[in-house]
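A short worksheet on the structure shown next.
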Amino acid sequence: MIIANHINKQYIIENYLLLFTVYFNKNLEILETINNFNVICFFATISGHMISTKNILSKAIHFHTLNKNEILYILKEKNTKMLFYMANKIRKEYVGDEVHLRALIEFSNYCIRNCLYCGLRKDNYRLVRYRLEPWKIIELAQKAKNCNYKTVVLQSGEDPYYTTKKMKDIISAIKSLDIVVTLSIGEKTFNEYEAYRNSGADRYLLRIETTNSILYNKLNPEMNLKNRMKCIEYIKKLGYEVGSGIMVGLPGQTLESIAKDILYLKSIPVDMAGIGPFIYHPNTPISLKTNSHGTNNAFELSLKVMAILRLLMPWINIPATTAMETLNTQGRLIALQSGANVVMPNATETIYRKYYEIYPGKICLKDSTQYCRFCIENKIKSINRYVSNGKGFCKKTK
Ligand code: SAM
Ligand code: SF4
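Numbering (our numbering), first residue to last: 33 to 430.
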């Protein structure tokens, strides 16, 4: 336990206000869950005498809120056992032991953007490009349904080949199969998002990547953070389930900026938070040396971010991202035991998988959709969890 002399008045006032708000609103449900020990710990924290992981986690568990400094404290904490244990416990309490599967269809690797970190960037001339015709995408969705998936995620680079009309046709055809449709096709206009939504698209996944505008604008030439945020606002306004998230371990990214990212995701609030470690791709302008955390650290740090998000937004969906398994052979299972409750197995036709090379070392490149479905279910069972039979909408909004 650390005696913190640096806790300022504002911090103390902020926490007292939180406690009084709970009392005045007579939120007995919350109050009843706080046992005496936690109250002592909590008062110790807010009175500014003690700041410790235990006290901060106690506040997160009971109030689902933390300020930037508290998040930063947890991100810096080396002993992660308690954080992951609590995130797993809260996950079980709020979203249960079921794991929602989303079949990922990577339908085009063409992209007009040049994100410095991504292997699909326009200027990566070494990448063999492919795009699937609408009928093929619909066929893959049907195959996913045959494998008992309830949701497909249609993902691509930003590829203008897919006009609004083409996307509308694809979405309506897949919806007629009674499958939930998630789109992950980048930045669009309000009218385009609206047209997809009117055709039946249910969810949209657009990671903010980082909320540090200097870093964002540097890593995403000809794009800007303001527009990215605007797109997320549009998606929210149109009634999609909002998926967003960040990459962890980006060159130049600080822990403080990650703490702010977490608060941003909570402020939306997102229905799904996808947190993935940044993985260096040699055919991009990013130099390996500039990776601030190193990939080993990115794995652990991504887990911490997922766990904190689970404590702050207990009801949301959090995928155990594929990139986690690139860095650790048990990556997705570890994530599922640290707050995550969703997996997005690959349902792209096997021959195309290796060309959707966002980063090197992607898993399941030689497997079929049927095999991936079978394999992930067994893995999930091995940790005493089970595949959900439902459509997996966010518990708070549906
Ligand atoms: N083009 C769409 C977009 O950018 O939103 C969707 C496809 S994009 C490939 C999906 C995600 O891949 C991005 O949001 C980004 O977080 C992730 N990504 C890109 N390059 C990466 C890398 N080198 N390591 C890990 N994740 C990466
Ligand atoms: Fe294109 Fe998305 Fe990759 Fe950026 S992250 S280059 S928008 S595919």
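For each residue, glycine too, the CB sits at the ideal point set by N, CA and C.
Bridge partner(s) assigned by DSSP for residue i
i: S140; result: R163, S188
i: I278; result: E241, I307
i: T183; result: V212
i: P346; result: DSSP lists no partner for P346.
i: Y194; result: None; Y194 has no bridge partner.
i: R235; result: T214, E273
i: P351; result: V374
i: V419; result: V131
Reference residue i, options the options, closest by Cα
i: E381; options: T85, N99, L186; result: L186
i: S216; options: Y387, R158, G277, Q362; result: G277
i: V375; options: C396, A233, T353, K91; result: T353
i: T97; options: Y418, S299, T358; result: S299
i: N329; options: M345, Q285, R405, P301; result: Q285
i: T242; options: T112, E219, N256; result: N256
i: P301; options: V213, G271, P317, I202; result: G271
i: E273; options: P351, Y236, I294; result: Y236
i: P317; options: K250, G275, I350; result: K250
i: L297; options: E254, M345, L368, Y312; result: M345
i: K200; options: C404, A233, A379, D293; result: A233
i: I390; options: N87, L333, M279, S400; result: M279
i: E224; options: L295, V213, K198, L359; result: K198
i: K413; options: I106, C143, L368; result: L368
i: Y105; options: I246, S188, S289; result: S289
i: G275; options: E409, W347, L238; result: L238
Element boundaries [beta strand (DSSP E), containing residue i]
i: H94; result: That residue, H94, is in no beta strand (DSSP E); its alpha helix (DSSP H) goes 85-95.
i: S216; result: 212-216
i: L133; result: 130-133
Residue i, enclosing alpha helix (DSSP H) - first and last residue
i: E288; result: 287-299
i: E23; result: Residue 23 falls outside the range modelled here, since the chain spans only 33 to 430, and no answer is possible.
i: T380; result: Element bounds for T380: n/a, residue is neither H nor E.
i: F406; result: 401-414
i: A227; result: 222-230
i: E102; result: 100-108
i: L397; result: Element bounds for L397: n/a, residue is neither H nor E.
i: L148; result: Here L148 belongs to no alpha helix (DSSP H), and DSSP marks it neither H nor E.
i: G363; result: 363-368
Any non-hydrogen atom of ligand 3 within 7 Å of residue i CB
i: E241; result: Ligands present in the displayed structure are limited to ligand 1 and ligand 2, and ligand 3 is not among them.
Do the region 115-124 and the region 303-311 make contact, defined as three or more Cβ pairs closer than 8 Å?
-> They do not touch, by the three-pair rule.
Under 6 Å, CB to nearest heavy atom of ligand 2: contacting residues | Listed by position along the chain, the residues with Cβ atoms less than 6 Å from a non-hydrogen atom of ligand 2 are C143, R145, C147, C150, L152, R153, G189, E190, G218.
Assess, as a yes-or-no matter, whether the region 150-165 is touched by the region 173-183 under the definition of 3 or more beta carbon pairs within less than 8 Å.
-> Judged by Cβ distances under 8 Å, the region 173-183 makes no contact with the region 150-165, as fewer than three pairs qualify.
Cβ contact check for the region 166-177 and the region 193-202: 3 or more pairs under 8 Å | Yes, since at least three Cβ pairs between the region 166-177 and the region 193-202 fall closer than 8 Å, the two stretches touch.
Mind the definition here: the region 409-429 touches the region 393-401 only if three or more C-beta pairs lie below 8 Å; say whether that holds.
-> The way I'd put it, the region 409-429 doesn't touch the region 393-401; fewer than three beta-carbon pairs between them come closer than 8 Å.
Contact the region 133-150 vs the region 361-377: 3+ CB pairs below 8 Å = Short answer: they touch.
For the 8 Å Cβ check, are there 3 or more pairs between the region 332-339 and the region 261-268?
-> Not touching, per the Cβ criterion.
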